[in-house]
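With the first letter of the sequence shown counted as 1, position 295 gets the number 298 in the numbering used here; the numbers rise by one all the way through.
Let me begin by presenting the structure, written as structure tokens, before commenting on it.
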Amino acid sequence: MATTSAQTVIRHDAVPPDDPPRRIFVIDDDDVMLLSCRRILEKDGYAVETFDNGVDGLRRLADVRPQLLLVDLKMPELDGLQVIDRVRAIDTEIVIAVITGYATISTAVDAMKAGAYDFLPKPFTPDELRLIVNRGYERWRLAMESSRLREEKAEAERRFVTFVSHQLKSPVVAAKQYLDVLLFEKRDDMPARDRDWLLRAQVRLDEMLTLIHDWLELARVSSGAVCEPGETTDLREVVGHAVAILEPQSRAAGVSVDTRLADDLPRAVGDGVSLTTVVSNLVSNGIKYNRPGGTVSISTRHDGGVIELEVADTGIGIPDEAMPRLFEEFYRVRNDDTQDIPGTGLGLAICRRIVTTLGGSIEVSSRFGEGTTFVVRLPRAAAGSHGEPRP
Ligand code: ADP
């Protein structure tokens with residue numbers, strides 16, 4: 004069964020470009036080499052940490068995250084290529100240069116393939132070392148700068164779409180209301196074709212309003228406006244409310260919705276509005292991407308400090324190749340099964356934002372053609388917080 008999950012990720016943030024402390028690690032089994040690198044680079048203002056083996060260097064690197072790493076290729080325990088491999092799994096941004104006494108084209112190529120940026124053959128002069136290290140640092144700085152600019156550009160685009168959405172909302176609502184009145188007043192003496200066209204226009208306006216609503220909701224939760232400190236919610240009430248709201252949709256689709264909610268479920272961290280959005284989106288998807296006669300089963304349980312909500316359906320399922328992209332903004336699976344199902348591709352992005360902001364996680368597993376299960380995990384409210392008994 005294909006599985007993907009979206010969880011809170013603790014990110015290593017870039018050092019502010021104005022005054023970055025320039026950190027470099029040197030890993031080499033030759034103590035003289037470590038000492039001379041330290042002397043030369045400290046004089047140039049680098050904070051230098053040295054390690055005579057890869058294991059110690061890697062352990063420290065996970066905590067400190069230097070911008071640069073100089074690593075010897077030939078070492079007894081972990082060799083340079085193995086170190087580079089493991090470093091890349093911890094940090095994709097660090098700039099790595101390899102040092103070696105056995106400089107051959109093929110070792111250089113291997114190191115570059117493994118993710119090293121530069122190559123320093125032994126013996127080298129202080130100036131050669133400085134050249135490599137300064138060039139590496141400059142590369143790190145430029146990479147940080149361009150990722151900051153990319154983020155700023157994406158943020159400016161988001162703000163623009165949010166502004167346009169706000170501006171569009173009122174005229175679209177007004178146009179829909181005019182159509183409602185026209186369809187109501189002229190219902191008996193309107194030619195069938197005109198009525199059909201007006202109904203189609205109404206459907207398109209509804210789609211546009213859903214898109215505007217979803218975008219503004221995503222902007223709201225992305226700005227962190229999810230939950231006041233100390234707010235907690237009874238998920239059973241949220242589920243009951245969401246199921247009642249979606250009853251017309253499930254009836255129209257011929258899909259039954261079952262609930263199995265733990266009687267002793269503790270309250271979860273989070274506000275009712277946001278958690279209703281999460282549950283409604285997941286249950287609505289379970290109904291939409293289903294078949295007549297299918298089911299959506301909602302259950303809750305708790306384990307230690309975690310409250311778990313599961314929404315499982317017997318619907319059309321999700322192809323394996325779509326799984327990694329499901330939580331992206333505007334991503335929709337496009338195939339024969341989904342082409343007539345309306346949607347914006349924002350629902351799961353909104354769910355993920357809310358859940359991760361609350362310190363939880365959301366995970367999906369699916370069998371194409373058979374059904375899909377979403378599991379949301381939320382932190383349990385602390386004892387003594389609103390609505391939660393003290394021990
Ligand atoms: P949409 O508005 O398109 O439903 P979502 O962000 O909620 O947007 O979901 C993204 C895509 O993930 C959907 O277009 C659909 O292809 C797929 N998907 C979501 N939930 C399910 C489900 N329960 N079963 C099958 N496919 C699903």
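The C-beta atom is built at its ideal place from N, Cα and C for all residues, glycine as well.
query, result
"Around the C-beta of W200, are 16 or more other C-beta atoms found within 10 angstroms, so that it is buried, or is it exposed?", "exposed"
"Could you tell me if G318 is buried or exposed, where buried requires 16 or more neighbouring beta carbons within 10 angstroms of its beta carbon?", "buried"
"Tell me the DSSP secondary structure of A114 in three-state form.", "helix"
"Does the structure place the region 138-146 close enough to the region 92-109 that three or more beta carbon pairs sit under 8 Å?", "yes"
"Quick check on DSSP: helix, strand or coil for D121?", "strand"
"Could you work out which residue in T375, V51, L219 and K125 is closest to V167 when comparing CA atoms only?", "L219"
"What number of angstroms, rounded off, separates the C-alpha of F28 from the C-alpha of R144?", "17 Å"
"Could you tell me which residues DSSP puts in a beta bridge with L72?", "F28 and I99"
"Comparing the CB of L351 with every heavy atom of the ligand ADP, is any distance shorter than 6 Å?", "yes"
"Buried or exposed: T226, going by 16 or more other Cβ atoms within 10 Å of its Cβ?", "Reading off the sequence shown, one finds Ser at residue 226, where the question assumed Thr. S226 is exposed by the Cβ-count criterion."
"When you compare the CB positions of V67 and V86, do they come within less than 7 Å of one another, or not?", "no"
"Counting only the same chain and skipping the five closest in sequence on each side, list residues whose C-beta sits under 7 Å from that of L185.", "L201"
"For T236, which option in D274, A222 and E373 has the closest C-alpha, if you only look at C-alpha atoms?", "D274"
"The ligand ADP and R207: does the residue's C-beta get closer than 6 Å to at least one heavy atom of that ligand?", "no"
"Specify the secondary structure class of P327 as computed by DSSP and reduced to three states.", "helix"
"Under the assumption that R239 contacts I310 (Cβ atoms under 8 Å), give the Cβ distance between them as a whole number of angstroms.", "Going by Cβ atoms, the distance from R239 to I310 rounds to 10 Å, so no, they are not a contact pair."
"When the Cβ atoms of the region 50-66 are set against those of the region 75-85, are three or more pairs found closer than 8 Å?", "yes"
"Tell me the residue span of the alpha helix (DSSP H) that contains F371.", "Where F371 is concerned, there is no enclosing alpha helix (DSSP H), given that its DSSP letter is neither H nor E."
"Considering only DSSP beta bridges, list what T3 is partnered with.", "The first residue shown for the chain is 4 and the last is 394, placing residue 3 beyond what the model contains."
"When the Cα of Q205 is compared with those of D217, L221 and F187, which residue comes out closest?", "F187"
"When the Cβ atoms of the region 257-273 are set against those of the region 293-300, are three or more pairs found closer than 8 Å?", "yes"
"By DSSP's criteria, D261 is part of a beta bridge. Which residues make up the other side?", "S300"
"Cβ of R41 within 7 Å of Cβ of T53?", "yes"
"Assuming G350 contacts N284 (C-beta within less than 8 Å), just tell me the rounded distance between them.", "4 Å"
"Does DSSP put V167 in a helix, a strand or coil?", "helix"
"Are there any heavy atoms of the ligand ADP lying less than 6 Å away from the beta-carbon of L329, as far as the coordinates show?", "yes"
"On a Cα-Cα basis, can you pick out the residue from A119, H305 and D261 that is closest to V272?", "H305"
"Are there 16 or more other CB atoms within 10 angstroms of the CB of L38, so buried, or fewer, so exposed?", "exposed"
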